[in-house]
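For reference, the structure is listed below as structure tokens.
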């Protein structure tokens, strides 16, 4: 069975500092990996997916199959980045998506 | 509708009463999920529907919880004999669920349940 681990429940950084939200996974096949974000009083929404190889709001995430990691990074944190971030894994076919427990990012002004 | 719709948005009930929470997924989405989000906690998976397949109920915390999905569309999550620890935000999400789909989940705004 697949598993997604986000080791940090809370991550506090100062504005302008680099951010790295960790995500490790276990799955025997080739999964799709996602980052979802939930801003205060907003619904949970997709931030980015590894397949797209895109940068959204300055965030990037690279899938490292050797380390089975999909860490979320941003070089300079902004106050508006404060939110709850979830890493998610989708196996192939019709299997369900599995979420990590989430990391609350707090950007200190 | 344009997105996933959940009702009620807020529900206050007394301990021991039954509650029903409704989810209207995006039209055409074959996959539907229910999650629970307790205060300060992450997402707790409850149940997953995919097309006409038998649902994955592995996340339901007790037999007081059940869910159904009628006609492959609207879903209802029922909690019987509610307890105070059931207080949480219940989130519904849907996705295309196709073999080659993007896999993106679209979430509703949630139903906040408070059990007094």
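Protein chains in written order, with the working numbering: chain A, 1 to 109; chain B, 1 to 116.
A virtual CB, placed ideally from N, CA and C, is assigned to each residue, including glycine.
Just so it is clear, the structure is predicted and the values come from calculations on it, not from any experiment.
Residue i CB to nearest chain A CB: under 8 angstroms?
i             : result
residue 107/B : yes
residue 28/B  : no
residue 91/B  : yes
residue 43/B  : yes
residue 103/B : yes
Consider the Cβ of residue i: report whether some Cβ of chain B lies at a distance smaller than 8 angstroms.
i            : result
residue 43/A : yes
residue 97/A : yes
residue 32/A : yes
residue 21/A : no
residue 46/A : yes
residue 65/A : no
residue 94/A : yes
residue 60/A : no
Starting from residue i and walking both ways along the beta strand (DSSP E), at which residues does that stretch end?
i             : result
residue 47/A  : 45-49
residue 78/B  : 75-79
residue 7/B   : 5-7
residue 94/A  : Premise fails: residue 94/A is in no beta strand (DSSP E) and is neither H nor E.
residue 147/B : Absent from the model: residue 147/B. The displayed extent of chain B is 1 to 116, so no value can be given.
residue 26/A  : 24-26
residue 108/A : 103-108
residue 54/A  : That residue, residue 54/A, is in no beta strand (DSSP E); it is neither H nor E in DSSP.
residue 42/A  : Residue 42/A -> no beta strand (DSSP E), and no H or E assigned at all.
residue 112/B : 111-115
residue 20/A  : 19-21
Using the rule of at least 16 other Cβ atoms within 10 Å of the residue's Cβ for burial, across every protein chain shown, is residue i buried or exposed?
i            : result
residue 53/A : exposed
residue 99/A : buried
residue 74/A : buried
residue 82/B : buried
residue 33/B : buried
residue 58/A : exposed
residue 71/B : exposed
residue 79/B : buried
residue 47/A : buried
residue 38/A : buried
Would you identify the three-state DSSP class for residue i, choosing helix, strand or coil?
i             : result
residue 37/B  : strand
residue 86/B  : helix
residue 24/B  : strand
residue 5/A   : strand
residue 81/A  : helix
residue 146/B : Residue 146/B lies beyond the range of chain B shown here (1 to 116); nothing can be said about it.
residue 95/B  : strand
residue 12/A  : strand
residue 58/B  : coil
residue 127/A : It is not possible to answer for residue 127/A, since the shown part of chain A is limited to 1 through 109.
residue 15/B  : coil
residue 76/A  : coil
residue 60/A  : strand
residue 32/A  : strand
residue 32/B  : strand
With a threshold of 7 angstroms, establish whether the CB of residue i neighbours any heavy atom of the ligand ZN.
i             : result
residue 103/A : As presented, the structure is devoid of all ligands, the ligand ZN included, so that no description of it is given.
Between residue i and chain C, is any beta-carbon pair separated by less than 8 angstroms?
i             : result
residue 102/A : Reference to chain C is not applicable here, since the protein chains of this structure are A and B.
Worksheet item: Looking at chain A, which residues of the stretch 47-67 of chain B have a Cβ within less than 8 angstroms of any of its Cβ atoms?
Response: 48, 50, 51, 53, 56
Discussion item. Against chain B, which members of the stretch 70-91 of chain A pass a CB distance test of less than 9 angstroms?
Written reply: 84, 86, 88, 90
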